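Novice:
In the numbering used here, the protein residues as written are 23 to 696.
(1) Of the choices 157, 200 and 532, whose alpha-carbon is the least far from that of residue 369?
(2) Determine the direct distance from the alpha carbon of residue 576 to that of residue 645, and round the result to whole angstroms.
(3) Are the beta-carbon atoms belonging to residue 76 and residue 279 less than 9 Å from one another?
(4) Quick check on the burial criterion: 16 or more other C-beta atoms within 10 angstroms. Buried or exposed for residue 92?
(5) In the region 601–633, which residue ranges form an unbroken beta strand (DSSP E) of at least 3 residues, counting only runs that do not cross its ends?
(6) Does the beta-carbon distance from residue 388 to residue 422 come in below 9 Å?
(7) For the 8 Å Cβ check, are there 3 or more pairs between the region 97–110 and the region 347–360?
(8) To which residues of the same chain is residue 676 closer than 6 Å at the C-beta, ignoring the five residues directly before and after it?
(9) Whose C-beta lies closer than 7 Å to the C-beta of residue 54 among residues of the same chain, with five residues either side of it excluded?
(10) What is the rounded straight-line gap between the Cα of residue 390 and the Cα of residue 326?
(11) DSSP beta-bridge partners for residue 448?
(12) So, at 6 Å on beta carbons, what are the nonlocal neighbours of residue 439 in its own chain, with the 5 sequence-adjacent residues on each side left out?
(13) Looking only at its own chain, which residues have a Cβ that is under 6 Å from the Cβ of residue 600, when we skip the five neighbours before and after it?
(14) Starting from residue 167, follow its DSSP beta bridges and name the residues at the other end.
(15) The alpha helix (DSSP H) with residue 581 in it runs from where to where?
(16) Assign residue 482 to one of three DSSP states: helix, strand, or coil.
(17) Which whole runs of the beta strand (DSSP E) in the region 276–306 are 3 residues long or more, in chain order?
(18) Which value, in whole angstroms, describes the spacing of the CA atoms of residue 487 and residue 435?
(19) Out of curiosity, what's the CA-to-CA distance linking residue 687 and residue 556?
(20) Within the continuous alpha helix (DSSP H) that includes residue 509, where are the two ends?
(21) When we look at the beta-carbon of residue 584 and count the other beta-carbons within 10 Å, is it buried (16 or more) or exposed?
(22) Determine, using beta-carbon pairs with one atom in the region 144–157 and one in the region 178–196, whether at least three such pairs fall under 8 Å.
(23) Taking the alpha-carbon of residue 506 as reference, which of 515, 520 and 139 has the nearest alpha-carbon?
(24) Only counting runs of 3 or more residues, tell me where the beta strand (DSSP E) segments fall wholly within the region 392–438, in order along the chain.
(25) Residues in the same chain with beta-carbon distance under 8 Å from residue 239, minus the five sequence neighbours each way, listed in chain order, please.
(26) Can you give me the C-alpha to C-alpha distance between residue 612 and residue 433, rounded to a whole angstrom?
(27) Relative to the C-alpha of residue 546, which candidate in 425, 74 and 445 has its C-alpha closest?
(28) Going by DSSP in three states, residue 375 sits in which element: helix, strand or coil?
(29) Report all residues from its chain with a CB closer than 8 Å to the CB of residue 171; omit the five preceding and five following residues, and keep chain order.
(30) If you reduce the DSSP assignment to three classes, tell me which class residue 196 lands in.
(31) First and last residue of the beta strand (DSSP E) that includes residue 331?
(32) Can you list, in chain order, the residues of its chain with a C-beta nearer than 7 Å to that of residue 615? Leave out the 5 residues immediately preceding and following it.
(33) So, is residue 401 buried or exposed, given that buried needs 16 or more other C-beta atoms within 10 angstroms?
(34) When the Cα of residue 708 is compared with those of 483, 492, 130 and 79, which residue comes out closest?
(35) What residues are listed by DSSP as bridge partners for residue 441?
(36) For residue 354 and residue 424, which I take to be in contact (beta-carbon distance under 8 Å), what is that distance rounded to the nearest angstrom?
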């Protein structure tokens with residue numbers, strides 16, 4: 023016979039049970055309200071599917087909504103070097119309204135809830151979403167034409183189209199009775215309602231969502247082309263989209279299973295969600311929204327700054343090597359008229375920098391063909407690098423800047439203004455920022471879309487070894503601008519190698535797809551974290567505070583503020599002896615070779631080092647500096663600190679531990695007590 027419990031114990035148990043009955047539904051309701059994070063667009067590999075709390079979630083490519091390849095001449099909607107394979111145009115004012123971003127299917131009661139997120143939607147009836155389900159997972163049965171959409175596919179036995187959209191949310195969708203079956207093969211496509219033409223197809227990388235735990239997939243993206251839509255365009259022209267689909271177990275949808283997409287290596291497009299947009303804030307502008315870089319007041323030549331990708335969902339090209347991580351990162355910023363797939367899709371680039379050096383090769387879209395790496399374009403570059411670092415195992419000591427033509431200018435700008443991000447820099451025929459740099463009399467001061475002349479802040483690359491390739495016969499980046507860059511580097515204490523190729527022109531290096539000597543130069547470079555000497559030049563006009571970008575810091579220097587107007591540069595050149603260390607002893611030597619075509623070189627490198635006696639002392643110069651802060655810990659100046667500093671005007675030098683030094687104009691020395 024069980025022992026009797028005291029009455030108060032029984033009452034307490036009953037009270038707790040009652041509380042549980044009261045609290046549990048409330049807690050469950052709260053849990054229902056909080057949607058799983060994986061249902062909110064964040065960052066994804068384009069073309070892949072995943073399961074999220076029982077929802078089948080597909081993330082599409084961005085800017086791939088050009089429909090069928092009907093055989094017309096290449097459609098250069100946003101750049102002569104980035105043509106779309108599809109050549110179906112939207113009616114005026116409806117661009118990107120059939121560009122699928124994300125497609126979500128979930129079961130609710132006896133219904134299937136379907137929601138398609140679009141790049142843009144301006145009117146509720148602009149877009150049609152078609153959904154076909156093969157409920158017995160057998161393409162030999164069923165199938166046929168998708169009513170009203172002009173395409174067909176094999177196997178389906180359930181079809182629905184959704185024509186009701188929500189412009190505020192950029193979505194189109196609805197519900198249908200829950201189809202039968204245990205395993206579905208799902209297909210979907212998005213069409214422009216006015217023309218009835220399918221512009222975009224979903225489920226482009228065939229997968230079995232949730233059949234097994236994720237395992238590595240090493241094939242490259244089958245969706246080739248400038249915007250990864252060649253296969254889609256070919257299928258749409260043929261009118262048969264059977265090849266695109268995804269298989270899923272219905273029980274996984276019912277049970278609320280969560281399984282991410284398979285990790286992949288090779289070439290692919292990733293998409294991240296930006297916190298910033300360009301007015302009107304969604305979709306695409308094929309002509310581009312003008313930026314600040316207006317050519318410098320010269321006649322327009324077509325290279326002025328503009329932004330094409332306006333909305334929150336921003337694509338970039340990425341090549342992930344097959345070797346295990348942690349990986350380095352090699353950015354290859356694209357040139358004018360080009361886009362996210364330009365350099366990252368070159369087999370030689372993938373091999374030399376990706377596989378050989380185990381670096382993730384990344385080409386940001388930078389908001390369009392003429393982003394020029396400033397303002398919202400710079401925001402994109404920073405966010406792409408951050409997204410790669412968050413998505414893959416990355417060695418932060420091996421992140422490299424690199425780019426071609428316009429991308430070469432961006433390389434100079436990014437590495438110079440964010441020097442503590444990059445281990446090295448690689449430039450191919452980089453525009454310097456002004457066509458008259460080093461030019462003959464009468465050379466035009468055309469600046470393209472550049473904000474800032476790179477030659478003005480090359481000294482910032484003091485701790486970033488840089489390799490540059492230029493061409494004598496370059497028809498766009500004229501030979502004198504390359505020579506001006508070489509001359510500028512010669513006047514610095516930077517470590518660099520300048521290659522000149524007498525017989526090459528602007529696109530020679532891209533056509534050859536070799537990249538061997540520049541990859542070899544950067545092979546063993548690592549990020550310098552706390553250099554004894556920091557030389558940093560900046561100006562407020564380079565900043566974009568509306569996008570959270572202020573260039574006021576480098577290594578252990580921060581909060582740099584100038585005394586003069588926004589067009590004037592401020593420079594700190596400071597050396598700490600607090601940590602000891604060494605400074606390089608440099609030597610310049612010429613060179614010559616033939617790989618892959620004849621070249622001569624100018625090389626400045628370290629032949630030895632000069633030790634720095636460890637002493638709590640700060641020396642150097644300040645030019646047009648009103649105030650600057652020194653990280654006392656990183657500079658090893660936490661105790662009484664001697665100083666020997668020359669400033670061209672009154673300046674306030676702050677240490678991060680609260681000490682402040684008011685410097686007069688001219689030379690000042692003394693000791694700043696703890």
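Beta carbons are placed, not taken as given, at the ideal position from N, Cα and C, and that holds for glycine.
Quick caveat, the model's predicted, so the values are computed rather than measured.
Specialist: Answer, in terms of the structure:
(1) For residue 369, the nearest C-alpha among the options comes from 532.
(2) Going by the C-alpha atoms only, they are around 16 Å apart.
(3) Against a cut-off of 9 Å, the Cβ pair of residue 279 and residue 76 comes out as a contact.
(4) Taking every protein chain shown into account, the CB of residue 92 has fewer than 16 other CB atoms within 10 angstroms, so this residue is exposed.
(5) If we require 3 residues or more, the beta strand (DSSP E) runs fully inside the region 601–633 come out as 604–615 and 621–633.
(6) No, the pair does not count as a contact, with Cβ atoms beyond the cut-off.
(7) Yes, they touch.
(8) 651 and 682, listed in sequence order.
(9) Confidence at residue 54 is low in this model, with a pLDDT of 48, below 50, so its placement is unreliable and no value can be given for it.
(10) Taking the CA atoms as reference points, residue 390 sits about 12 Å from residue 326.
(11) According to DSSP, which records beta bridges pairwise, residue 448 is partnered with 424 and 489.
(12) Counting only Cβ-Cβ distances below 6 Å, and skipping sequence neighbours, we find 573.
(13) Sequence-distant partners of residue 600 (beyond 5 residues in either direction) whose C-beta falls short of 6 Å from its own C-beta, in its chain, are 638, 657, 658 and 659.
(14) Bridge partners of residue 167: 174.
(15) Segment 579–584 is the beta strand (DSSP E) holding residue 581; no alpha helix (DSSP H) there.
(16) Residue 482 falls in the helix class under three-state DSSP.
(17) List check, beta strand (DSSP E) in window: 288–295.
(18) Answer to the nearest angstrom: the Cα atoms are 14 Å apart.
(19) Cα to Cα, residue 687 sits roughly 21 Å from residue 556.
(20) From DSSP, the alpha helix (DSSP H) with residue 509 extends over 501–512.
(21) That one is buried.
(22) With contact defined as three or more Cβ pairs closer than 8 Å, the region 144–157 and the region 178–196 are in contact.
(23) Each of 515, 520 and 139 was checked against the Cα of residue 506, and the nearest Cα belongs to 520.
(24) As summarised for the region 392–438, the continuous beta strand (DSSP E) elements at least 3 residues long and confined to that stretch are 416–426, given in chain order.
(25) Unreliable placement is indicated for residue 239, whose pLDDT of 43 sits below 50; the coordinate value is still reported in the next sentence. Within the same chain, residue 239 has close Cβ partners 284, 285, 286 and 287.
(26) Here the alpha carbon of residue 612 sits roughly 24 Å from the alpha carbon of residue 433.
(27) Comparing alpha carbon positions, the residue from 425, 74 and 445 closest to residue 546 is 445.
(28) Helix at residue 375.
(29) The residues are 150, 152, 183, 211, 213, 218 and 220.
(30) Strand.
(31) Note, residue 331: beta strand (DSSP E), 328–331.
(32) Result list for residue 615: 621, in chain order.
(33) The residue is buried, with at least 16 neighbouring Cβ atoms inside 10 Å.
(34) For residue 708 there is no data in the structure shown, the boundaries of the chain being 23 and 696.
(35) Paired residues: none, contrary to the question.
(36) Confirmed, about 5 Å.
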